[in-house]
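Protein chains in written order, with numbering that gives the first Met the number 0: chain A, 0 to 294; chain B, 0 to 357.
The structure appears below as structure tokens.
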Amino acid sequence: MFEQQLINGLTLGMIYALIAVGYTMVYGVIQLINFAHGEIFMLSAFLAVTFITVFGLPLYVVILMTMGCCALIGVMLDIFAYRPLRQSPRLAALITAIGMSIFLQNLAMIIWGSRPKPFVQEALPSFLRTTAVTIGEANVSWLQMSIFITASTLMIILFLIINKTRVGTAMRALSQNRTSAALMGINVNRVISFTFALGSSMGAVAGIMVAIYYNTLYPTMGYVAGVKAFAAAVLGGIGSVPGAMIGGIVLGIAEALGAGYISSLYRDGIAYGVMIAVIIFRPSGILGKSTVEKV
Amino acid sequence: MENLPWKKFDPMNISLKDAIKYLFLAAVLIYPLFAFANEYVLHVMVLIMVYMILAMGLNIIPGFCGLLDLGYVGFYGIGAYTAGLLTIHFGLSFWVIVPLAALNGAIWGVLLGAPTLRLTGDYFAIVTFGFSELVVLFLTNEIWLTRGPLGLPGIDPVIINFSWLSTMINPEWDWYWEFLGLRPYFYLAVFLVALVYIIMGRMEDSRLGRAWFAIREDPIAASSCGVNLLTYKVIGFAISAAIGAVAGAFLARWTMFLSPDMFKFWESFLVLCMVVLGGLGNFKGSLVGAAVLIALGEILRMVLPGLGLPAETRFLAYGLIMVLMMRFKPMGFFPNIATQSQNNPILIKLKKELGSSS
Numbered sequence: 000m001f002e003q004q005l006i007n008g009l010t011l012g013m014i015y016a017l018i019a020v021g022y023t024m025v026y027g028v029i030q031l032i033n034f035a036h037g038e039i040f041m042l043s044a045f046l047a048v049t050f051i052t053v054f055g056l057p058l059y060v061v062i063l064m065t066m067g068c069c070a071l072i073g074v075m076l077d078i079f080a081y082r083p084l085r086q087s088p089r090l091a092a093l094i095t096a097i098g099m100s101i102f103l104q105n106l107a108m109i110i111w112g113s114r115p116k117p118f119v120q121e122a123l124p125s126f127l128r129t130t131a132v133t134i135g136e137a138n139v140s141w142l143q144m145s146i147f148i149t150a151s152t153l154m155i156i157l158f159l160i161i162n163k164t165r166v167g168t169a170m171r172a173l174s175q176n177r178t179s180a181a182l183m184g185i186n187v188n189r190v191i192s193f194t195f196a197l198g199s200s201m202g203a204v205a206g207i208m209v210a211i212y213y214n215t216l217y218p219t220m221g222y223v224a225g226v227k228a229f230a231a232a233v234l235g236g237i238g239s240v241p242g243a244m245i246g247g248i249v250l251g252i253a254e255a256l257g258a259g260y261i262s263s264l265y266r267d268g269i270a271y272g273v274m275i276a277v278i279i280f281r282p283s284g285i286l287g288k289s290t291v292e293k294v
Numbered sequence: 000m001e002n003l004p005w006k007k008f009d010p011m012n013i014s015l016k017d018a019i020k021y022l023f024l025a026a027v028l029i030y031p032l033f034a035f036a037n038e039y040v041l042h043v044m045v046l047i048m049v050y051m052i053l054a055m056g057l058n059i060i061p062g063f064c065g066l067l068d069l070g071y072v073g074f075y076g077i078g079a080y081t082a083g084l085l086t087i088h089f090g091l092s093f094w095v096i097v098p099l100a101a102l103n104g105a106i107w108g109v110l111l112g113a114p115t116l117r118l119t120g121d122y123f124a125i126v127t128f129g130f131s132e133l134v135v136l137f138l139t140n141e142i143w144l145t146r147g148p149l150g151l152p153g154i155d156p157v158i159i160n161f162s163w164l165s166t167m168i169n170p171e172w173d174w175y176w177e178f179l180g181l182r183p184y185f186y187l188a189v190f191l192v193a194l195v196y197i198i199m200g201r202m203e204d205s206r207l208g209r210a211w212f213a214i215r216e217d218p219i220a221a222s223s224c225g226v227n228l229l230t231y232k233v234i235g236f237a238i239s240a241a242i243g244a245v246a247g248a249f250l251a252r253w254t255m256f257l258s259p260d261m262f263k264f265w266e267s268f269l270v271l272c273m274v275v276l277g278g279l280g281n282f283k284g285s286l287v288g289a290a291v292l293i294a295l296g297e298i299l300r301m302v303l304p305g306l307g308l309p310a311e312t313r314f315l316a317y318g319l320i321m322v323l324m325m326r327f328k329p330m331g332f333f334p335n336i337a338t339q340s341q342n343n344p345i346l347i348k349l350k351k352e353l354g355s356s357s
């Protein structure tokens, strides 16, 4: 049972990590908790199902299309909601983020209805639900295997983008000091938009994965997943991309083990508890640098 | 005590604006006594007053101390369940239960506030959010205590017991106590709103209120002037939590039924909307914010099903209102005088040129 919980937790953790990088990148660059990020995750699941049912496209194409759409939604969110508030107090931006989150969630409720829907099973290759390998007593399904592989690939790509490309360098420069970055000739708004696009497309893949994994999607799914991913980002050290990855995996495993051995009723509570404890005792997280508070 | 509203009242010398205000207030207060008073309208009015209490209480944290509290609904829930359980198991009087609920709220406020109020804005918002989610999880899962998702029914609604009057004077008058229906709650709610309003007004003018404003405007300057930041913030948080718990206690006795669903995050968001709409740091504005948003919610609740949409989609409107408010009037419609100076165009221009560091 322990191995099985570990495998399930790792799968969940990979998904949390994918959403968490979106939070952490945006926080790193503009110091804003993008509450609406969870809603982009939810929209991606609904968009994917719509693309499959309406256009009858294969899953691989749908994932790419959804990534594109969500990247666009993320950029729109930045341009219309957050950009006008760059110079405003932090409180205003934070409230706007919550407002956008509630707005998008209810928009999805209007468009797709509030009842949970199953994922379109016909679109999935049938082997996904079968066991790929057996480790000890634990069965790893092909679905879990694909989640591991997809998520790890995406994270490697993300790591390369951030560390090896010009725009990645610009992102890192921006997270150090926005004014100096602008003085060095970086187009600040374009880099911020790129950050939103990158984070949102990672969240989009996670949204589709969760919809397939649990075979259900509903308009409020972004809320809980968003909070857990944020908890993962905090756990790893907010602003740090590798931290978000580690935080997501640790949180996923903690949640699966906690649900298995302590109480499944407090499954969500474990994430909140971890988050509160980390914020109180070590706000900089596992990999975060302890920054001197700016006043 | 000179600036209490009734001390200023001078019937011989009253402006037209004030006269209309007082007449409106009197009309609202007298309305329930008429037989034609609609039960639904009364219900909405009581609901508005519950949210008025909540909005005034919440305003202390984002409005006066400048911190975002996303977990206010947690204290509301704690107060409601404290009152509900005490009523069911011990049958205590409302007047005993309200202080107990407020005390329990304040205790949790201190327990949460003392370790977390050192944190900066975003982190504090998230911790309070996590706290309110934990409260909901507790209420849902501790079935032995709260009956969990089944809810807590059968809370004795009687606040003022009229039965002795009826038997003493004339048993045939039962129709009258039946006619009263929601009306005692209405006046009780008026009393509680007035009480909180007076307390808030006194606090704003006191050393405490000035310390909060100082903290909001510039924490460093405040602390170098000898204001103990943490102490004042924790006091504010505890008072805010206690007021939330009072609203909850009233809710428990009024609705006679509690369920964990009533204390989800949306409620916190709704109250925050009221505070921001009415004006950060202006508790009178919170009264207006509560009345406007609840009335708007009720109108939308009637309109939306006609359009074939679930009534919950009214949050769409709330979300949009919040985003637009922050964009065009970040301090609300009736900002506090102290914050108006912050919105001074010259100051804003200066801040933009220097690059806002806050």
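Built from N, CA and C at the ideal position, the CB exists for glycine as well.
Check                                                                                                                                                                                       : Outcome
Find out if the Cβ-Cβ distance for the pair Thr312 of chain B, Met108 of chain A is shorter than 8 Å.                                                                                       : yes
Do the region 168-176 of chain A and the region 55-67 of chain A make contact, defined as three or more Cβ pairs closer than 8 Å?                                                           : no
With a threshold of 16 other CB atoms inside 10 Å of the CB of Ser125 of chain A, please say whether the residue is buried or exposed.                                                      : exposed
Between Pro61 of chain B and chain A, is the shortest Cβ-Cβ distance under 8 Å, so that the two count as touching?                                                                          : yes
Which of the three DSSP states is assigned to Ser125 of chain A in this structure?                                                                                                          : helix
May I ask you to report which of helix, strand or coil DSSP gives Val132 of chain A?                                                                                                        : strand
Give the residues of chain B in contact with Leu93 of chain A, contact being defined as C-beta atoms less than 8 Å apart.                                                                   : Leu67, Gly120, Asp121, Ala124
Keeping to the same chain, check which residues put their C-beta closer than 8 Å to that of Ile78 of chain A; ignore five residues upstream and five downstream.                            : Ser192
For the region 292-304 of chain B, list every residue whose C-beta sits within 9 Å of some C-beta in chain A, in sequence order.                                                            : none
Just the C-alpha distance for Met220 of chain A and Leu15 of chain B, rounded to the nearest angstrom, thanks.                                                                              : 53 Å
Comparing C-alpha positions only, which one of B:Phe262, B:Leu133, B:Pro61 sits nearest to Val273 of chain A?                                                                               : B:Leu133
Output yes or no for whether 8 Å exceeds the beta carbon distance between Ala228 of chain A and Tyr15 of chain A.                                                                           : yes
Within 10 angstroms of the Cβ of Phe327 of chain B, are there 16 or more other Cβ atoms? Answer buried if so, exposed if not.                                                               : exposed
Give the C-beta separation of Ala253 of chain A and Asn7 of chain A to the nearest angstrom, bearing in mind that I take them to be a contact with Cβ-Cβ under 8 Å.                         : The Cβ separation is near 12 Å, so there is no contact.
Taking all protein chains shown into account, do 16 or more other C-beta atoms lie within 10 angstroms of the C-beta of Pro282 of chain A, making it buried, or fewer, making it exposed?   : buried
In whole angstroms, what is the alpha-carbon distance linking Gly278 of chain B and Met321 of chain B?                                                                                      : 12 Å
To the nearest whole angstrom, what separates the beta carbons of Gly307 of chain A and Gly247 of chain A, a pair I think is in contact under 8 Å?                                          : Because chain A is modelled from 0 through 294, residue 307 of chain A falls outside the range shown and cannot be assessed.
Between the Cα of Ala316 of chain B and those of B:Ile298, B:Gly307, B:Leu91, B:Pro329, spot the shortest distance and give me the residue it belongs to.                                   : B:Ile298
Ends of the beta strand (DSSP E) at Asn138 of chain A?                                                                                                                                      : 137-140
With a Cβ-Cβ cutoff of 8 Å, do Leu234 of chain A and Gly284 of chain A count as a contact?                                                                                                  : yes
Counting only Cβ pairs nearer than 9 Å, list the residues of chain A close to Tyr71 of chain B.                                                                                             : Those within 9 Å of Tyr71 of chain B in chain A number zero; the least Cβ separation is about 13 Å.
First and last residue of the alpha helix (DSSP H) that includes Gly246 of chain A?                                                                                                         : 240-260
Just verifying my parser: in three-state terms, what is the DSSP assignment at Ser355 of chain B?                                                                                           : Unreliable positioning characterises Ser355 of chain B in this predicted model, as indicated by a pLDDT of 48, which lies under 50. A coordinate reading is not provided.
For Leu216 of chain A, does the three-state DSSP call read helix, strand or coil?                                                                                                           : strand
Using 10 angstroms around the beta-carbon of Ala276 of chain A, count the other beta-carbons present and answer buried if the total reaches 16, otherwise exposed.                          : exposed
In chain order, what are the residue ranges of uninterrupted alpha helix (DSSP H) at least 4 long that sit wholly in the region 152-216 of chain A?                                         : 165-175, 177-182, 187-213
In chain A, what lies closer than 7 Å to Phe33 of chain B by C-beta?                                                                                                                        : The contacting residues do not exist; Phe33 of chain B stays about 38 Å from chain A at best.
Using beta carbons (cut-off 8 Å, strictly below), is Glu292 of chain A in contact with chain B?                                                                                             : Residue placement at Glu292 of chain A is flagged as unreliable, the pLDDT there being 46, under the threshold of 50; the coordinate-derived value follows with that caveat. Yes, because at least one Cβ of chain B sits closer than 8 Å to the Cβ of Glu292 of chain A.
Under 8 Å between C-beta atoms, does Glu266 of chain B make it to chain E?                                                                                                                  : Of the protein chains in this structure, namely A and B, none is chain E.
State the Cα-Cα distance for the pair Gly235 of chain B and Ile134 of chain A, rounded to the nearest angstrom.                                                                             : 55 Å
Tell me where the alpha helix (DSSP H) around Ala35 of chain A begins and ends.                                                                                                             : Neither: Ala35 of chain A is in no alpha helix (DSSP H) and is coded neither H nor E.
What runs of the alpha helix (DSSP H), each 4 residues or longer, lie entirely inside the region 283-347 of chain B?                                                                        : 313-327, 336-341
Could you tell me whether any Cβ in chain A is nearer than 8 Å to the Cβ of Leu133 of chain B?                                                                                              : yes
Which partner residues of Leu136 of chain B appear in the DSSP bridge assignment?                                                                                                           : None; Leu136 of chain B has no bridge partner.
Specify whether the region 286-295 of chain B and the region 42-58 of chain B touch according to this definition: at least 3 beta carbon pairs, one from each stretch, less than 8 Å apart. : yes
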